[in-house]
Amino acid sequence: MKVTVIGASGGIGQPLSLLLTQNTTLPINELALFDLRLSKGVSTDLSHMTGPTTGIDAISPKKVKGYGKDELSGALENADIVVIVAGIPRKPGMTRDDLFKINGGIMRNLILETMKHARPDCLVAIISNPVNSLVPLAVETMKQDIHQKYAPEKRVFGVTTLDLVRAITFLKESGQENVTQNGNSSNCNNNSNSNSSSKEDIFKDIVVIGGHSGKTILPIIPESTLLKKGLAKGTNTKDYNDFVYKVQFAGDEVVKAKEGMGSATLSMAYSGYMFVSDLINARCNTQNKQAYTSSTTGMSNTIVAYVCLNNNNKGQQLKEKLHNSVDYFSTPVVLQKNTGFVEHLDFDHTLNKLNTHELQLLNKDVLPQLAKDINKGESFVRSSK
Ligand code: NAD
Ligand code: LMR
Numbered sequence: 040m041k042v043t044v045i046g047a048s049g050g051i052g053q054p055l056s057l058l059l060t061q062n063t064t065l066p067i068n069e070l071a072l073f074d075l076r077l078s079k080g081v082s083t084d085l086s087h088m089t090g091p092t093t094g095i096d097a098i099s100p101k102k103v104k105g106y107g108k109d110e111l112s113g114a115l116e117n118a119d120i121v122v123i124v125a126g127i128p129r130k131p132g133m134t135r136d137d138l139f140k141i142n143g144g145i146m147r148n149l150i151l152e153t154m155k156h157a158r159p160d161c162l163v164a165i166i167s168n169p170v171n172s173l174v175p176l177a178v179e180t181m182k183q184d185i186h187q188k189y190a191p192e193k194r195v196f197g198v199t200t201l202d203l204v205r206a207i208t209f210l211k212e213s214g215q216e217n218v219t220q221n222g223n224s225s226n227c228n229n230n231s232n233s234n235s236s237s238k239e240d241i242f243k244d245i246v247v248i249g250g251h252s253g254k255t256i257l258p259i260i261p262e263s264t265l266l267k268k269g270l271a272k273g274t275n276t277k278d279y280n281d282f283v284y285k286v287q288f289a290g291d292e293v294v295k296a297k298e299g300m301g302s303a304t305l306s307m308a309y310s311g312y313m314f315v316s317d318l319i320n321a322r323c324n325t326q327n328k329q330a331y332t333s334s335t336t337g338m339s340n341t342i343v344a345y346v347c348l349n350n351n352n353k354g355q356q357l358k359e360k361l362h363n364s365v366d367y368f369s370t371p372v373v374l375q376k377n378t379g380f381v382e383h384l385d386f387d388h389t390l391n392k393l394n395t396h397e398l399q400l401l402n403k404d405v406l407p408q409l410a411k412d413i414n415k416g417e418s419f420v421r422s423s424k
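In terms of this note's numbering, the sequence shown opens at residue 40 and continues consecutively.
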């Protein structure tokens with residue numbers, strides 16, 4: 040499989056590429072790194088750390104290839120999976136939407152090039168912001184090519200994994216800490232209190248739906264998990280509201296802490312690595328003789344991603360539940376074995392189980408903003424034929 044990372048020399052691109060080289064179980068024949076700057080430096084750097092003497096189990100350096108700024112076509116040639124992380128990040132005081140002016144044009148061009156050079160059935164993972172608008176922009180751009188053999192609605196994914204990773208992390212933190220006899224915190228989880236829940240248990244329990252910006256991010260945590268964590272769920276419970284706010288505005292917290300030098304990079308690289316691994320496993324024939332377990336959700340063949348709802352009946356059903364107000368939504372998605380396309384959406388344990396408070400948040404905060412963001416991405420394409 041050929042995996043192409045575009046924006047590979049950036050704050051996210053570099054650690055994401057590093058992580059992808061470290062998992063030898065992923066069937067990557069070529070990891071193609073493209074950027075307007077430094078990509079050959081990054082690929083050379085990555086090529087110096089495999090081999091028996093280092094003890095590091097990395098993919099062969101020959102498989103990592105850097106492409107310079109005039110070599111985008113080569114980087115994309117026959118790519119199975121294209122990961123787009125190119126574009127500018129936020130500075131303090133900016134919203135993700137402020138990035139659209141620059142990143143919208145970058146994304147459109149990269150999608151046009153992807154359509155020309157990558158495999159016609161390639162999967163496209165979009166990390167660049169604003170995800171809420173850039174995914175519709177990408178799908179609309181692809182739809183303009185009437186010769187597209189494979190529906191863009193089934194193979195363009197907005198990466199919202201970081202929201203899930205954050206929700207899980209903050210949820211874990213919100214449990215009572217193990218305290219040793221002298222009062223110091225301990226990392227040892229040797230009893231059955233809240234911190235001892237296994238990673239898998241928590242992954243199974245929670246999802247984050249909606250979009251990827253501020254209040255469009257809606258974590259959905261089962262009542263039982265919240266109770267276990269000492270967070271009473273329900274309207275205007277302070278701890279619960281604080282938790283939801285922290286997940287929704289965690290990106291702002293990082294932007295502020297980085298003091299003008301960018302936004303989340305390492306936690307995004309970690310989340311992006313898990314997401315891309317899931318896409319690779321969904322597409323990989325050998326591993327998919329049996330269902331794979333997603334590294335992000337812990338569920339069989341199921342990831343959480345921001346996708347187009349006009350992809351099948353389940354998408355239409357979800358759209359109706361959302362009052363036909365949006366065409367894109369982040370939700371659990373079941374991927375087809377061997378193609379990695381969207382098979383169907385799986386909202387039985389999310390949207391069907393929202394409590395009154397969550398429904399209020401969905402209708403009041405998520406849907407109106409998301410509709411505006413989606414329209415922005417689609418309009419950009421319609422006006423730039
Ligand atoms: P960065 O500035 O460190 O890196 C971006 C890279 O893109 C740079 O190396 C730049 O040279 C490259 N680039 C710019 N235009 C390009 C083009 N046309 N072709 C190829 N490469 C190009 O930024 P970063 O911190 O890595 O963030 C990248 C994007 O990811 C931002 O838009 C940011 O908001 C977004 N992001 C998304 C999430 C998420 O959860 N989806 C999380 C964090 C950051
Ligand atoms: C994040 O959630 O950290 C990213 O979307 C980057 C940002 O601008 O906050």
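Ideal placement from N, C-alpha and C gives every residue a C-beta, glycine not left out.
Just so we're clear, the structure is a prediction, and the values are computed from it rather than from any experiment.
At a cut-off of 8 Å, the beta-carbon of residue 127 counts as near ligand 1: some heavy atom of the ligand is closer than that.
Within 8 Å of the C-beta of residue 73 there is at least one heavy atom belonging to ligand 1. Beta-bridge pairing by DSSP links residue 367 to 347. It is roughly 19 Å from the alpha-carbon of residue 332 to the alpha-carbon of residue 120. Every alpha helix (DSSP H) stretch that sits fully inside the segment 47 to 76 and reaches 4 residues is listed by chain position as 52 to 61. The three-state secondary structure of residue 196, taken from DSSP, is strand. With the rule of 3 Cβ pairs closer than 8 Å, the segment 308 to 317 counts as touching the segment 50 to 68. Across the set 193, 261 and 114, the C-alpha of 261 shows the shortest separation from the C-alpha of residue 391. Linking residue 197 to residue 81 through their CA atoms gives a straight-line distance of about 25 Å. With 16 or more neighbouring CB atoms inside 10 Å of its own CB, residue 147 falls in the buried class.
For residue 43, the shortest C-beta to heavy atom distance toward ligand 1 is 8 Å or greater.
A distance below 8 Å between beta-carbons, with the five flanking residues on each side excluded, links residue 151 to the following residues of its chain, in chain order: 180.
Scanning its chain for C-beta atoms nearer than 8 Å, with the 5 sequence neighbours on each side dropped, one finds around residue 360 the residues 386 and 390, in chain order. Excluding five sequence positions before and after residue 68, the CB atoms of its chain that fall closer than 7 Å to its own CB belong to 40, 41 and 102, given in chain order.
Setting aside the 5 residues that flank it on each side, residue 378 is surrounded in the same chain by 160 and 322, each with a C-beta closer than 7 Å to its C-beta; the list follows chain order. With a beta-carbon spacing of about 5 Å, residue 202 and residue 256 fall inside the 8 Å limit used to define contacts.
Taking the Cα positions, residue 381 is about 26 Å away from residue 73. Looking at 171, 407 and 334, the one whose alpha-carbon comes closest to that of residue 65 is 334.
For residue 382, the uninterrupted beta strand (DSSP E) run begins and ends at 381 to 384, by DSSP. Straight-line spacing of the CA atoms in residue 88 and residue 61 works out to 10 Å.
Rounded to whole angstroms, residue 111 and residue 280 show a C-alpha spacing of 45 Å. The residues 128, 129, 290, 293 and 294, in chain order, have a CB closer than 7 Å to that of residue 302 in the same chain once the five nearest residues on each side in sequence are set aside. Where residue 176 is concerned, the enclosing alpha helix (DSSP H) starts and stops at 170 to 182.
When C-alpha distances from residue 250 are compared across 410, 312 and 182, the shortest belongs to 410. Residue 249 carries a strand assignment under DSSP once its states are collapsed to helix, strand and coil. Note: residue 339 is bridge-paired with 332 in the DSSP secondary-structure output.
A Cβ-Cβ distance of about 6 Å is found for the pair residue 56 and residue 85, placing them in contact under the 8 Å criterion. For residue 259, the pairing in a beta bridge is given by DSSP as 246.
Annotated three-state conformation of residue 105 is strand, per DSSP. Beta-bridge annotation (DSSP): residue 124 is not paired with any residue. CA-CA distance, residue 396 to residue 277, rounds to 13 Å.
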